[in-house]
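Here is the structure we will look at, set down as structure tokens.
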């Protein structure tokens, strides 16, 4: 962690992720998936021959670029604690009382917000805003 304030903020976010309600998890999931701008490829004979598709492709280039930059910047700066905090937050959602069939969007939203908060000093304002938008929309200030 860069300092005690960051450590406290990340731990607070992880703790909050563990207390997410089913309604909040659903809202995070829906908002994150909308932000991903997912498209489902059309079925085709060539796709069937190749074994089909996973059914979804993320097309939000800004979101993908911000996430990749956050991971790369954290790795290059040796910020393992921040990466681990993001992973812990995702696990906290998975183990929260929010029993959903599919929480992938909620987990991704939480992981991205925690990582962005941990490496805030390495991101542009736009990247930070992109990665924390869903958390802020559903849960308030990151």
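Residue numbers (UniProt numbering): 1 to 142. Ideal Cβ placement from N, Cα and C applies to all residues, glycine included.
Residue i to residue j, Cα distance in whole Å?
i	j	result
residue 126	residue 95	31 Å
residue 16	residue 104	17 Å
residue 110	residue 135	7 Å
residue 81	residue 90	14 Å
residue 19	residue 9	15 Å
residue 71	residue 83	8 Å
residue 76	residue 13	23 Å
residue 31	residue 21	15 Å
residue 79	residue 85	10 Å
Going by the CB atoms, is the gap between residue j and residue i shorter than 9 Å?
i	j	result
residue 58	residue 37	yes
residue 116	residue 128	yes
residue 114	residue 28	no
residue 122	residue 61	no
residue 6	residue 66	no
In the structure shown, what three-state DSSP assignment does residue i receive?
i	result
residue 58	strand
residue 19	coil
residue 78	coil
residue 10	helix
residue 3	coil
residue 141	coil
residue 124	coil
residue 110	helix
residue 30	helix
What are the boundary residues of the alpha helix (DSSP H) that includes residue i?
i	result
residue 96	Note, residue 96: premise wrong, no alpha helix (DSSP H); not H, not E.
Residue i and residue j look like a contact to me (Cβ under 8 Å); what is the Cβ gap, rounded to whole Å?
i	j	result
residue 93	residue 106	5 Å
residue 175	residue 133	No statement about residue 175 is possible, as the shown extent of the chain runs from 1 to 142 and does not include it.
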